[in-house]
Amino acid sequence: MPDITDYKITAFDQTNGRLEIKFENLENKIYLDLHPDQSGLYPEGDKLDTMIRGVFPKSHIERKEKIASGIANSAAIAALVQPDDISPTPQSLNDFIDPDQFFNIKLVVAIQRTLAEMSGGTV
Amino acid sequence: MKHTPYAAFGTVVILVQAETTDNRIVKLGDDGLVTSGWYFYTKGRTNVKVVETGEQLEDRTPGWLNAEHTTANASSTGHLELTFPEETEWLCIPHVHNAGGLPTLKSLVVKPGDTPELPNNSNIFLVRGKLEVNTKIFTGPCQIRVRSGDTTADVIEDAYGLFFS
Numbered sequence: 002m003p004d005i006t007d008y009k010i011t012a013f014d015q016t017n018g019r020l021e022i023k024f025e026n027l028e029n030k031i032y033l034d035l036h037p038d039q040s041g042l043y044p045e046g047d048k049l050d051t052m053i054r055g056v057f058p059k060s061h062i063e064r065k066e067k068i069a070s071g072i073a074n075s076a077a078i079a080a081l082v083q084p085d086d087i088s089p090t091p092q093s094l095n096d097f098i099d100p101d102q103f104f105n106i107k108l109v110v111a112i113q114r115t116l117a118e119m120s121g122g123t124v
Numbered sequence: 002m003k004h005t006p007y008a009a010f011g012t013v014v015i016l017v018q019a020e021t022t023d024n025r026i027v028k029l030g031d032d033g034l035v036t037s038g039w040y041f042y043t044k045g046r047t048n049v050k051v052v053e054t055g056e057q058l059e060d061r062t063p064g065w066l067n068a069e070h071t072t073a074n075a076s077s078t079g080h081l082e083l084t085f086p087e088e089t090e091w092l093c094i095p096h097v098h099n100a101g102g103l104p105t106l107k108s109l110v111v112k113p114g115d116t117p118e119l120p121n122n123s124n125i126f127l128v129r130g131k132l133e134v135n136t137k138i139f140t141g142p143c144q145i146r147v148r149s150g151d152t153t154a155d156v157i158e159d160a161y162g163l164f165f166s
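Respectively, the protein sequence lines represent chains A and B. Plus 1 on top of the position in the first sequence (first one is 1) and you've got the working numbering. Plus 1 on top of the position in the second sequence (first one is 1) and you've got the working numbering.
Below is the structure:
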């Protein structure tokens, strides 16, 4: 069970009554909407501390830690995967240019021809 | 391994850059030579071994153009395993992307102080290095077309290029 080592309130949006909280052992910030009590006031002190600690995403952290340490039947799940026939959208030029794979050589060459001609020339 | 294609005077050429962690298997023809096309080393070092027999061939080093080493074949057909003791770069001119046939190539390997002759109408693909020709600086990879008469180049940095014809 992950423990909350510490946290700090990094912002308070007074317009919306919303706290921004940074837990020491959590990468992302957490946002907490405060609700006024019967006296029309926001909770303070221990009550606020309890509320903040209550929103710490224990299960999310536990899950990440378990996955990081390895799941015994992960391979069985991976074996169920059926890759889509559609090629992934290329993200960069290098995605086009593994000669062992099908790629749009004409497009790449057109790009590189331009680059080469910009740095070369006739004398 | 990174592959970057360029166009060189109508031919598709691919600049390959290998890390020390890379390796590559290449098919050999019946004559013990690589069948995939021309290749020209411009940086680093490649150890070459025949997978099936363990035969070790001469290391490929900068300036090695296989078209100029047609007797450097393996003793058998099979597959070559290429490993790279240092970061290595070569230019590949493959059949697979040049259905119209491969050009005739001649290597240009020069160092500062050299003044290589560049005949008129030369087509040179400068793969690596820096040349000055008629006051114009060329840094590889780039194409150089000589059209204003026979000339010479001043070598600013070690240069590796190919004459295309």
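Where a beta carbon is used, it is the ideal one built from N, C-alpha and C, also for glycine.
**Item:** Bridge partner(s) assigned by DSSP for B/Gly162
**Value:** For the purposes of this step, residue 162 of chain B is identified with residue 161 of the second sequence, where counting begins at 1. Answer is B/Leu109, B/Leu127.
**Item:** Whether B/Gln144 touches B/Phe164 by CB criterion (9 Å)
**Value:** Here the question's residue 144 of chain B lines up with position 143 in the second sequence. Here the question's residue 164 of chain B lines up with position 163 in the second sequence. Cβ distance not < 9 Å, so B/Gln144 and B/Phe164 don't count as in contact.
**Asked** Under the DSSP definition of a beta bridge, which residues are partnered with B/Trp39?
**Response** Translated into the one-based positions of the second sequence, residue 39 of chain B becomes position 38. Looking at the DSSP assignment, B/Trp39 forms a beta bridge with B/Ile94.
**Prompt:** Does A/Val124 get closer than 9 Å to chain B when you measure Cβ to Cβ?
**Reply:** Walking along the first sequence from the start, residue 124 of chain A turns up at place 123. By this cut-off, A/Val124 is an interface position.
**Message:** Can you tell me which residues form a DSSP beta bridge with A/His36?
**Reply:** Taking the first residue of the first sequence as 1, we reach residue 36 of chain A at position 35. The partner list for A/His36 (beta bridge, DSSP) is empty, contrary to what the question assumes.
**CA-to-CA distance, B/Val27 to B/His80, given in whole angstroms** = The count along the second sequence starts at 1 and reaches residue 80 of chain B at position 79. The count along the second sequence starts at 1 and reaches residue 27 of chain B at position 26. Rounded to the nearest angstrom, the two C-alpha atoms are 5 Å apart.
**Message:** Under DSSP, the beta strand (DSSP E) around B/Glu69 begins and ends at which residues?
**Reply:** If you number the second sequence from 1, residue 69 of chain B lands on position 68. Looking at the DSSP string, B/Glu69 is not in any beta strand (DSSP E), and its letter there is neither H nor E.
**Item:** Alpha carbon of B/Asp23 to alpha carbon of A/Gly122, nearest angstrom
**Value:** Along the second sequence, read from residue 1 onward, the residue named residue 23 of chain B stands at position 22. Along the first sequence, read from residue 1 onward, the residue named residue 122 of chain A stands at position 121. C-alpha separation (whole angstroms): 34 Å.
**Item:** Within-9 Å CB hit, B/Arg61 to chain A
**Value:** Translated into positions along the second sequence, residue 61 of chain B becomes position 60. With its beta carbon at least 9 Å from every one in chain A, B/Arg61 lies outside the interface.
**Item:** chain A contact for B/Arg148 (CB, 9 Å cutoff)
**Value:** Locating residue 148 of chain B in the second sequence gives position 147, where the first residue counts as 1. Output row for B/Arg148: interface = yes.
**Item:** Candidates B/Glu20, B/Val147, B/Gly11, B/Leu16: closest to B/Leu83 by CA position
**Value:** The sequence position of residue 83 of chain B within the second sequence is 82, counting from 1. Considering only alpha carbons, the answer is B/Glu20.
**Request:** Could you check what DSSP says for A/Ala79 in three-state terms: helix, strand or coil?
**Result:** Position 78 of the first sequence, counted from the first residue, corresponds to residue 79 of chain A. Residue state, collapsed to three classes: helix.
**Asked** How about A/Leu42 and A/Gly18: do their beta carbons lie closer than 9 Å?
**Response** Within the first sequence, the letter at position 41 stands for residue 42 of chain A. Within the first sequence, the letter at position 17 stands for residue 18 of chain A. No.
**Asked** Name the chain A residues that come within less than 9 Å of B/Asn135, Cβ to Cβ?
**Response** Indexing the second sequence from 1 puts residue 135 of chain B at position 134. Result: Val124.
**Asked** B/Cys93 to B/Thr105, Cα distance in whole Å?
**Response** In the second sequence, residue 93 of chain B corresponds to position 92, counting from 1. In the second sequence, residue 105 of chain B corresponds to position 104, counting from 1. Whole-angstrom Cα-Cα distance: 14 Å.
**Message:** Using the three-state DSSP reduction, which class does A/Asp50 fall into: helix, strand or coil?
**Reply:** One-based indexing of the first sequence puts residue 50 of chain A at position 49. The answer is helix: DSSP assigns A/Asp50 an H, G or I state.
**Request:** For B/Pro86, count neighbouring C-beta atoms within 10 Å of its own C-beta (all shown protein chains included) and say buried if the count is 16 or more, exposed if not.
**Result:** As a working mapping, residue 86 of chain B is identified with position 85 in the second sequence. The residue in question, B/Pro86, is exposed, as its Cβ has fewer than 16 Cβ neighbours within 10 Å.
**Message:** Let me see if you follow: with CB-CB separation under 9 Å, is B/Thr152 close to chain A or not?
**Reply:** As a first step, residue 152 of chain B is located in the second sequence; it is residue number 151 there, counting from the start. Using a CB distance cut-off of 9 Å, B/Thr152 counts as an interface residue toward chain A.
**is_contact[B/Pro127, chain A] using C-beta, thresh 9 Å** = The residue you call residue 127 of chain B lines up with position 126 of the second sequence. With the sequence shown as reference, residue 127 of chain B is identified as Leu, and Pro is not the correct amino acid for it. So, interface residue.
**Chain-order list of residues whose beta-carbon lies under 6 Å from that of B/Arg25 (same chain, five-residue window excluded)** = Start at 1 with the first residue of the second sequence, and residue 25 of chain B comes out as number 24. Leu83.
**Request:** Grab the span of the alpha helix (DSSP H) containing A/Lys59 for me, first residue to last.
**Result:** Here residue 59 of chain A is taken as the residue at index 58 of the first sequence, counted from 1. Segment 59-69, the alpha helix (DSSP H) holding A/Lys59.
**Prompt:** Is the beta carbon of B/Phe109 less than 9 Å from the beta carbon of B/Gly45?
**Reply:** Residue numbering aside, residue 109 of chain B sits at position 108 when the second sequence is read from its first letter. Residue numbering aside, residue 45 of chain B sits at position 44 when the second sequence is read from its first letter. A quick correction: the sequence has Leu, not Phe, at residue 109 of chain B. Cβ atoms of B/Leu109 and B/Gly45: not closer than 9 Å.
**Asked** What does B/Phe168 reach in chain A if we use C-beta pairs closer than 7 Å?
**Response** Because chain B in this structure spans residues 2 to 166, residue 168 of chain B falls outside the shown range and cannot be described.
**Message:** Would B/Ile157 pass as an interface residue toward chain A - the criterion being a Cβ-Cβ separation below 9 Å?
**Reply:** Position 156 of the second sequence holds residue 157 of chain B. Among the residues facing chain A, B/Ile157 is not included, as its CB has no counterpart in that chain under 9 Å away.
**Boundaries (first-last residue) of the beta strand (DSSP E) holding A/Tyr8** = The residue labelled residue 8 of chain A in the question sits at position 7 within the first sequence. Its beta strand (DSSP E) spans residues 8-14.
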